[in-house]
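Engineer: If you read the sequences in order, they're chains A and B.
Under the working numbering, the residues of the first sequence are numbered 16 to 325, in order.
Under the working numbering, the residues of the second sequence are numbered 72 to 205, in order.
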Amino acid sequence: MLKSTIELARYGIPWLGPAMAFLGGLALLAEGKGQWPAIAVIFGSVLSAGGIYSLLRSLRKGEKERALLDVRMLQSHKLASLGELTAGIAHEINNPLAIIGREAEWLEHLLSTMPPAEGVPRKELLESVREVGVQVNRCREITQNLLSFARKMEPIFQKVDVNRLVEDMVKLVETETQGKGIEIVRDYQQPMEPIMTDPPGLRQVMLNLLNNARQAIEGRGQITIRTRALEDGRVQIAVEDTGCGIPREHLPRIFDPFFTTKAHGKGTGLGLSICHGIVDRLGGRIWVRSEPGLGSTFVVELPATPKRAS
Amino acid sequence: MEGEMPKVLLVDDEERFRVTTARLLGVRGFQVGTAGSGVEALEELERNPYDVVVLDVKMPGVSGIEALAEIKRRQPQVEVLILTGHASVDAAVEIMRLGGCEYLLKPCSMDELVEKIERALERKAMKEGSEEKP
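Here is the structure:
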């Protein structure tokens, strides 16, 4: 109701003057007061008609926008339900798949340890049972892809303590670096005001960047994680490694999908592209500084409140 | 612990998965106990000592996450590996917060499972070593 009143005032005020001129002119004309009221009537009526036309157009445009929004909402609800359904199915399939895989491994063990017997084509049986394992892995990839699709939802913005979220992910990666000569240095700005962002999205970004940093270090090295709050409330998170660095010619392409310099089968080339997509949806930006042989620093900058969530 | 077979408690509500995985772990040199639910796991841990618990997240009754919290409360020295149907980062964070050391994607191969169990055993040995030498 309030919205409609505001809308009416917004579109109504510009042609209120001409309308008054028209009505005033009409009143004077009725009293027979000559030429000027007639001009006021003509002038007022032209402007009023224009005003009414523009009001109707605006209202119709508003209606169209509302209808479009409804369609988008419906689409997003549909996608959310589809996502839930997909995740449910993929999750349920993983359990029987786990049993099939395990049984195949047990059969393989039995076959490879049993003494050769006449008439038993052991080699073929082993080949066959190994193929079951290969196909189980294939199904696992499919279910994991379905689950990733299900997670590609619109971000849900909420208040987030950046230092805590970053620390959670650092701890997760630390289990992988323990005893491998990689030192993790934390440099968090304290205290830091919470920001409005999507926690699962930001966690995914941090995990990808930290894993990349870990993989860039061959032998001993150091990963430094910095958090900083800028004066306008924006937050920067930097992940710095002392790894191999990125050759200059690769820098313009590192956020491209499927671009990878990792060995075949070691990377899909999607990690940084996914990071870029997520940071973009969170209203922020991501960039890299790198020196071949010295290391790389990835910086994620996020607004205190993304425009679309404000 | 030298010379002794490491003890693993496998907790999963799928009986067939439990039985076959236990057999294969036995072949790989582990002494394996099994439990079909979170409650059974807690009872088994009261009766027998274990080095590592492999815990399925999705179980009827007490969920894997709830069981993890309770196991860590009662026996913080036990290393817990979580088996999960999907690698959600949020679930992983929750697992870490509750003291679970790692999670494994289901279905996982025996090689992956054995590698994670061995790493959990190394971590346990490191922790025990550092506790003995304060």
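For glycine and all other residues, C-beta sits at the position ideal for the given N, C-alpha and C.
Ordered along the chain, which non-local residues of its own chain (more than five positions away) have a Cβ less than 6 Å from that of E246 of chain A?
Structural biologist: So no residue of the chain qualifies.
Engineer: Leaving out the 5 sequence neighbours to the left and right, which residues in its chain are closer than 7 Å to D213 of chain A when beta-carbon positions are compared?
Structural biologist: Closer than 7 Å at Cβ, skipping near neighbours: P170, I171, F172, L297.
Engineer: I believe V144 of chain A touches P178 of chain B by the beta-carbon criterion, under 8 Å. Please report the beta-carbon distance rounded to the nearest angstrom.
Structural biologist: With a Cβ gap of about 15 Å, V144 of chain A and P178 of chain B do not count as contacting.
Engineer: Under 7 Å Cβ-Cβ, which residues of chain B neighbour I114 of chain A?
Structural biologist: Those are E85, R87, F88, listed as they occur along chain B.
Engineer: Strictly below 7 Å CB to CB, what residues from chain A border M130 of chain B?
Structural biologist: Under the 7 Å cutoff, chain A gives no residues; its nearest Cβ is about 11 Å from M130 of chain B.
Engineer: Against chain B, does G280 of chain A count as a neighbour if the rule is that its beta carbon must be under 8 Å from one of theirs?
Structural biologist: Residue placement at G280 of chain A is flagged as unreliable, the pLDDT there being 48, under the threshold of 50; a coordinate-derived value is accordingly withheld.
Engineer: By Cβ distance, which residues of its chain are closer than 8 Å to K174 of chain A, with the 5 residues on each side in sequence left out?
Structural biologist: The answer, listed in chain order, is P209, I210, M211.
Engineer: In angstroms, rounded to a whole number, what distance separates the CA positions of A319 of chain A and S288 of chain A?
Structural biologist: Cα to Cα, A319 of chain A sits roughly 23 Å from S288 of chain A.
Engineer: With DSSP as the reference, label E208 of chain A as helix, strand or coil.
Structural biologist: The answer is coil: DSSP assigns E208 of chain A none of H, G, I, E or B.
Engineer: Rounded to the nearest angstrom, how far is the Cβ of N223 of chain A from that of G286 of chain A, given a contact under 8 Å?
Structural biologist: Right, the Cβ-Cβ distance comes to about 4 Å (below 8 Å), so this counts as a contact.
Engineer: Are the stretch 257 to 267 of chain A and the stretch 221 to 239 of chain A touching, with three or more C-beta to C-beta distances below 8 Å?
Structural biologist: Yes: the two stretches touch, three or more of their Cβ pairs being nearer than 8 Å.
Engineer: On the DSSP letters alone, give me the boundaries of the beta strand (DSSP E) that Q237 of chain A sits inside.
Structural biologist: Residues 236 to 244.
Engineer: Can you tell me which of A:R249, A:P131, A:F313 puts its alpha carbon nearest to the alpha carbon of I269 of chain A?
Structural biologist: Out of A:R249, A:P131, A:F313, A:F313 has the C-alpha closest to the C-alpha of I269 of chain A.
Engineer: Run through chain B and tell me which residues come within less than 9 Å of T190 of chain A, C-beta to C-beta.
Structural biologist: Within chain B, the residues near T190 of chain A are M167, C172, E173, R190, R194.
Engineer: Please determine, among B:D84, B:R144, B:T91, the residue with the shortest C-alpha to C-alpha distance to H124 of chain A.
Structural biologist: For the residues B:D84, B:R144, B:T91, the minimum Cα distance to H124 of chain A belongs to B:T91.
Engineer: Distance, Cα to Cα, P206 of chain A vs V177 of chain A?
Structural biologist: Using only the alpha carbons, I get a separation of about 10 Å.
Engineer: Using DSSP with H/G/I as helix, E/B as strand and the rest coil, what is F172 of chain A?
Structural biologist: The answer is coil: DSSP assigns F172 of chain A none of H, G, I, E or B.
Engineer: Grab me the residues of D202 of chain A's own chain with a C-beta within less than 8 Å of its C-beta, minus the 5 sequence neighbours each way, in chain order.
Structural biologist: So the qualifying residues of the chain are T239, I240, R241, T242.
Engineer: Which of the three DSSP states, helix, strand or coil, is assigned to A105 of chain A?
Structural biologist: Helix, per DSSP.
Engineer: Just checking: is the beta-carbon of V151 of chain A within a distance shorter than 8 Å of some beta-carbon in chain B?
Structural biologist: Judged by the 8 Å Cβ criterion, V151 of chain A is in contact with chain B.
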